[in-house]
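Residue numbers (my numbering), protein chains in the order written: chain H, 1 to 464; chain R, 1001 to 1464.
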C-alpha cells in the first residue's frame, strides 16, 4: 500500500460519469513489409501472453468503492492482461472517419477502478495497409505529456529493430533521443498543469479568504488582456460522451507562413492562428460567435524563449492569449495573436521560476478546483479553450518494423471547458487532437475542415 | 415531464460503476442472398437516416446528475441517433469467440444518462456470412423479457418481407404470433421480477419490523428445501466489468432426454440439469464446490402447468430449486431437481394469484433491496444463482430477408449474485445466455463446454 498524493487522488475523487479523468493517445502505423492479414491479431496474442508488467501499470485504488479507499494505491496481484490489452476492428471501409468514431467511443467510457487504470486497444482494418493503437490511462496515474512521452519511449528510430516491448513492460527500451521517462516531465510545456495541481494541493486545505487572494492575483494577471473572456458555447456543463477529431498538416506549410509574416513569429503563433480561424468559422456556422474575442489558455515552456533572460531551469508559464476571433482578416488576426502572446510572455520576464509557477497556476485554479466536488467556482470563465502544444520526436519512429505515421493526443474536457485542443509534432508534421463533449460541441469533425481552410487562408493572405 | 414510478427509478438510483442496470440481447443473422460486402454498413447508414423514434426510446431522466432529477422522465428533443445506433466490426477471424469478447465489453459499460437509455450496435465481420446486433436498454425503461419480446416483434416470419423498421421506430410491425408488445408482459415467466419490484415498492417505505415479517415468511417458504443455500463463489460483491458467453443446443436432444426420463419431466427440468452439471464441473475445476447443493431461483409461469388447478389468469411463481450439485450421478441429479421443482410448485397449489405474487416476491426481496443503496440486506443468500427460461418464437424469423439464426439474452448480475443464466428458445434450439462479473466469475466461457458435457452425460446415462 502506498498513500496517494492529493494530486493523484483529486482526479479520482472528482471523476463522475460526466467527467472521465483519463488521457489518451492514438497512434497510426504502417504494416511492415510482408505482414499477413493476421499480423495485428497475432501481435495482440503476443502482447497478452507476455505477463511482465511494470509496477506503474499494476497499481490500482485500494478500495475502489469508498472515497477513503481512493487515497491509497495497492498492487493488483491478479492482473487480467486480457482485460487491459484489447483487439478491435474497424467496420468497412476502414477510413480515418471510422477510426475516429471508434476512438471517440473508447475515450468516452470510464476506466474500471477495480483494476489498474489503463487500457490499450489494437485496431485492425484501417485502410491503406495500416493499423492503429489507442491507449488510455487515468490522470491519477500519468498526466497527458508523460503518457505521450512514455508511448514514444517504447518506439525505435531503427526500422530493423525487433523484439520491442510494449509500454507496460518493465523491459521497455527508452532509446529515443527526444524521449524522457515518466515522472521526469519538468521541461514539458504542460508541466504547468502539474504545477497548477501542486498549487491546488496546497489550496485545497485553505479558507475561503485565501481563495479571494488568488482571485485578486488572477485579476491582476488577466488585466493585461484589457477584457474578460466572453461567455461561449464551450463554457458550459458537460456530459460524459466524447467526440474526437484528429488530422495533421506539414510543418513546412506552417513554417512558410511563419517566415512570410516574420517579426519574431513562431510555429506556435501560426498554430494558434489556425485554431482561431477554425473556431471563428465553426462559431459563425452555429451562429454562436461572441462579440468579444475568445481567450485561450496556453501552457508554454519559457526556457529558451524570445523573452530572453535571466531565467534558469525549466520555467513553464500559462499564457492567456487573445485569439482575435472577432477579426475577419486572417493576417490581422495572426498579428493580434502574436502581440497578445508577446505581452503574455513579458509578464513572466524577470520572475523567478517559483514565481512563474505560482502565477501560471492561477488561471488553472478554476479548472483544477472544478475537479474537486463542491469546491469554489470562479466566474466568469478565466479562458474559453485550452490549447496545448507538446513538442514530439523529429524522426520517424518504428515499432518492430512498423512505421508510425501519426500520433494524436486525446485530452480531458472539464466542467465549463467542453473543448480541448492538444497539438504535437512528429516527423515533419503538426498533429492536432481535438477532444470535445459530444453534446456541447456538435459536429466537432467540422473543425478539421475549418483548420484546413484557416491554414489555406493564412497562406493566401501572407504568401499569395 | 412524467413522474417516474419507483419501479423505474430504483434501477437508476441503485446503479453504480459496479452495478450497471441494463439488459441486452445478442442476435445473429445470415446475410441475405446477394448481400454485398457493404451490406451491414449500408444498413447502418439507413437506420441512422430514419429520424422517427417512438416515445419510449426518446425519454431520458429529467436531471441526470442529481438523484431527485432521476424521479422524472423527460423527452430528448435533440435525439442524436448516430450516438445510439452504432456500427462495429469484429477482428479477424471473426468467430463467435470474437463476437462474445466484443459483446462482453459493450455490456460492461454504463449507459449515458444524459440521453435516452439505449444503444443498438450492428456488428459486421462475423464469419460464415453472418452479422450480429447487440441491443442494450436500461432496466428502468424495459425489463429483460419485454426487451426480448420487443426485439422479436420487429422481425417477420416472411423471408420476402422488406421495408421493415427497427425496434425504435413508431411504425414497427408487430406481426409475430408469439410476440407481445412492451408493457404487456403479464404472462411472461419473468414477470415475477416485476411483481417483486412492486412488492419492494411498497416495502421501501416500511419500518424494520416489517422486514422481519418478510424474513419470517421467507424462512417458511425455504423450509421446504430442508437446507439453506450454501455460501458460494457467486455470492460475493461484484465489479462493473462483464463476461458474456452464449451457445445453443437442439431442443430435440433435450426433448429426447426428457422422454427417456419420463415421469412428468419437462424441458425446463433437463435445462436445469444441464446447468447443474455445468456448475458442478466448473466449481470442481476451481476447487470451490460447496458441500451443500446450490440453490437456484427460477421464475416460472404456473398457468398451464402440471400442478393442475384452480388458478386463473397469469400466475407467476418463483421456485427455489435444489440443483443437487453435490450429486455425481447425472440421472440421480436430474431426479432430485425434478423432485425439488415439483415440491416448489406444490407450495403454490390452491393459492390465489395475489398470494402467489406476494410469496414469490419474497426470495427476490434481497435482490431487489440490493438495488436500493443502504437498504437492509438479508443473509445468508436466499439462493446461489438466478436461472430464467423465457419461451421464444417457434418459427424462423427474418429481418428484411436476413434470417435470424440465434438470439441470446444478456442479463444483470447483482451484488451477491455474480452469475445470471437466462435461456430462451428459438426455432428448434434452446439458447443459453450467461452473464457474469468478469472478476468474480473467471473463465466464464468454460461453462459452455461444461453445459455441452452435461447434456452428453445425461444422454449417455438415460438414453445410452
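Built from N, CA and C at the ideal position, the CB exists for glycine as well. Note that the structure is predicted; figures quoted are calculated from it, not measured.
Next on the checklist: I'd like the span of the beta strand (DSSP E) that includes residue 514/H, first residue to last.
Outcome noted: For residue 514/H there is no data in the structure shown, the boundaries of chain H being 1 and 464.
Checklist entry - Quick one: which chain H residues come within Cβ less than 7 Å of residue 1089/R? => result Taking the second chain and counting its residues from 1, the one referred to as residue 1089/R is at position 89. Neighbours of residue 1089/R on chain H, chain order: 89, 90, 91 and 125.
Checklist entry - So residue 38/H and residue 1092/R are in contact, right, with Cβ under 8 Å, and what is the actual spacing, rounded? => result Against the first chain, residue 38/H aligns to sequence position 38. Against the second chain, residue 1092/R aligns to sequence position 92. Confirmed, Cβ separation roughly 6 Å.
Next on the checklist: Considering Cα atoms alone, identify which of 403/H, 399/H, 258/H and 318/H is closest to residue 334/H.
Outcome noted: On the first chain, residue 334/H is found 334 positions in, with the first residue counted as 1. Nearest neighbour of residue 334/H by Cα position, chosen from 403/H, 399/H, 258/H and 318/H, turns out to be 258/H.
Checklist entry - Taking DSSP as the reference, what is the three-state secondary structure of residue 180/H? => result Taking the first residue of the first chain as position 1, residue 180/H is located at position 180. Interpretation of residue 180/H is limited by its pLDDT of 34, a score under 50 that renders its predicted location unreliable; the figure taken from the coordinates is listed afterwards. Of the three classes helix, strand and coil, the one that applies to residue 180/H here is coil, per DSSP.
Item to check | Residue range of the beta strand (DSSP E) that includes residue 414/H | outcome: Position 414 of the first chain holds residue 414/H. First-last for residue 414/H: undefined, no H or E at that position.
Checklist entry - Where does residue 1041/R fall in DSSP's three states? => result Here residue 1041/R corresponds to residue number 41 of the second chain, with the count starting at 1. Residue 1041/R falls in the helix class under three-state DSSP.
Next on the checklist: Using only the alpha-carbon positions, how far apart do residue 72/H and residue 5/H sit?
Outcome noted: Taking the first residue of the first chain as position 1, residue 72/H is located at position 72. Taking the first residue of the first chain as position 1, residue 5/H is located at position 5. Looking at the two C-alpha atoms, the distance is approximately 8 Å.
Next on the checklist: Here's a check: name, in chain order, each residue in its chain whose Cβ is nearer than 8 Å to the Cβ of residue 447/H, leaving out the five neighbours to either side.
Outcome noted: Taking the first chain and counting its residues from 1, the one referred to as residue 447/H is at position 447. Cβ within range, chain order: 245, 278, 279, 282 and 434.
Checklist entry - Where does residue 1276/R sit, in a helix, a strand or coil, going by DSSP? => result Position 276 of the second chain, counted from the start, is the residue given in the question as residue 1276/R. The three-state secondary structure of residue 1276/R, taken from DSSP, is helix.
Checklist entry - Smallest Cα separation from residue 1169/R: which of 1047/R, 1237/R, 1341/R and 1124/R? => result To locate residue 1169/R, count along the second chain from 1; it is residue 169. Among 1047/R, 1237/R, 1341/R and 1124/R, the Cα nearest to that of residue 1169/R belongs to 1047/R.
Next on the checklist: Please give me, in chain order, every unbroken run of the beta strand (DSSP E) with length at least 3 that falls completely inside the region 1251–1296 of chain R.
Outcome noted: Runs found: none.
Checklist entry - Where does the unbroken beta strand (DSSP E) through residue 1431/R begin, and where does it stop? => result Position 431 of the second chain holds residue 1431/R. Counting along the chain, the beta strand (DSSP E) containing residue 1431/R begins and ends at 1429–1437.
Next on the checklist: The beta strand (DSSP E) that contains residue 1454/R, what's its start and end?
Outcome noted: To locate residue 1454/R, count along the second chain from 1; it is residue 454. Careful: residue 1454/R lies outside any beta strand (DSSP E), inside the alpha helix (DSSP H) at 1446–1462.
Item to check | Cβ-Cβ separation, residue 1136/R to residue 1106/R (assumed contact under 8 Å), whole Å | outcome: Reading the second chain from its first residue, position 106 is the one you call residue 1106/R. Reading the second chain from its first residue, position 136 is the one you call residue 1136/R. Indeed they touch by this definition, with Cβ atoms about 7 Å apart.
Item to check | Interfacial residues, the region 1099–1113 of chain R to chain H, with Cβ spacing under 9 Å | outcome: Residues passing the 9 Å Cβ filter: 1101, 1102, 1105, 1108, 1109, 1110, 1112 and 1113.
Item to check | Span separating the alpha-carbon of residue 1382/R from that of residue 1236/R | outcome: In the second chain, residue 1382/R corresponds to position 382, counting from 1. In the second chain, residue 1236/R corresponds to position 236, counting from 1. C-alpha separation (whole angstroms): 13 Å.
Next on the checklist: Using 8 Å for Cβ pairs, my map puts residue 1140/R next to residue 1021/R. What's the rounded Cβ distance?
Outcome noted: Against the second chain, residue 1140/R aligns to sequence position 140. Against the second chain, residue 1021/R aligns to sequence position 21. The Cβ separation is near 7 Å, so the contact holds.
Checklist entry - For residue 239/H and chain R, any beta-carbon pair shorter than 7 Å? => result By one-based count along the first chain, residue 239/H stands at place 239. Nearest CB-CB separation between residue 239/H and chain R: below the 7 Å threshold.
Item to check | Neighbour list for residue 83/H in chain B, Cβ cutoff strictly below 8 Å | outcome: The structure shown contains no chain B; its protein chains are H and R.
Checklist entry - residue 440/H: buried (16+ other C-beta within 10 angstroms of its C-beta) or exposed? => result In the first chain, the residue the question calls residue 440/H occupies position 440. By the neighbour-count rule (16 or more Cβ atoms within 10 Å), residue 440/H is buried.
Next on the checklist: Tell me the DSSP secondary structure of residue 1097/R in three-state form.
Outcome noted: Your numbering for residue 1097/R matches position 97 in the second chain. Three-state DSSP puts residue 1097/R in a helix.
Item to check | Segments assigned beta strand (DSSP E), at least 3 residues, entirely inside the region 106–131 of chain H | outcome: Runs found: 118–126.
Next on the checklist: Tell me the DSSP secondary structure of residue 48/H in three-state form.
Outcome noted: Reading the first chain from its first residue, position 48 is the one you call residue 48/H. Note: residue 48/H maps to helix in three-state DSSP.
Checklist entry - Could you check where the beta strand (DSSP E) with residue 88/H kicks off and where it finishes? => result Sequence index remark: in the first chain, residue 88/H carries index 88 (1-based). Element bounds for residue 88/H: 85–89.
Item to check | Close Cβ partners of residue 462/H (< 7 Å) along its chain, the five nearest in sequence each way excluded | outcome: The count along the first chain starts at 1 and reaches residue 462/H at position 462. Contacts found: 257, 260, 261 and 331.
Item to check | Within-7 Å CB hit, residue 135/H to chain R | outcome: Within the first chain, numbered from 1, the residue matching residue 135/H stands at position 135. Closer than 7 Å: no.
Checklist entry - DSSP on residue 56/H, reduced to helix/strand/coil? => result Taking the first chain and counting its residues from 1, the one referred to as residue 56/H is at position 56. If DSSP states are grouped into helix, strand and coil, residue 56/H belongs with the helices.
Next on the checklist: Could you give the first and the last residue of the continuous beta strand (DSSP E) run that contains residue 1155/R?
Outcome noted: Here residue 1155/R refers to the residue found at position 155 when the second chain is read from its first residue. No beta strand (DSSP E) holds residue 1155/R; DSSP gives it neither H nor E.
Checklist entry - Nearest-angstrom Cα distance between residue 124/H and residue 1036/R? => result Position 124 of the first chain, counted from the first residue, corresponds to residue 124/H. Position 36 of the second chain, counted from the first residue, corresponds to residue 1036/R. Cα-Cα distance, rounded: 21 Å.
Item to check | Per DSSP, cross-strand counterpart(s) of residue 1327/R | outcome: Taking the first residue of the second chain as 1, we reach residue 1327/R at position 327. Under DSSP, residue 1327/R forms no beta bridge with any residue.
Checklist entry - If you drop the 5 nearest sequence neighbours on each side, which residues of the same chain put their C-beta closer than 6 Å to that of residue 1419/R? => result Sequence index remark: in the second chain, residue 1419/R carries index 419 (1-based). So the list reads 1234, 1385, 1436 and 1441, once near-sequence residues are dropped.
Item to check | Beta-carbon proximity check, residue 61/H vs residue 113/H, cutoff 7 Å | outcome: Counted from its first residue, the first chain places residue 61/H at position 61. Counted from its first residue, the first chain places residue 113/H at position 113. With contacts defined as CB atoms closer than 7 Å, residue 61/H and residue 113/H qualify as a contacting pair.
Checklist entry - DSSP on residue 1142/R, reduced to helix/strand/coil? => result Your numbering for residue 1142/R matches position 142 in the second chain. DSSP places residue 1142/R in coil when its eight states are reduced to three.
Item to check | Cα-Cα separation between residue 110/H and residue 241/H, rounded to whole angstroms | outcome: For the purposes of this step, residue 110/H is taken as the residue at position 110 of the first chain. For the purposes of this step, residue 241/H is taken as the residue at position 241 of the first chain. Taking the CA atoms as reference points, residue 110/H sits about 10 Å from residue 241/H.
Next on the checklist: Please report the distance separating the alpha-carbon of residue 408/H from that of residue 132/H.
Outcome noted: Mapped onto the first chain, residue 408/H falls at position 408. Mapped onto the first chain, residue 132/H falls at position 132. For residue 408/H and residue 132/H, the distance between alpha carbons rounds to 11 Å.
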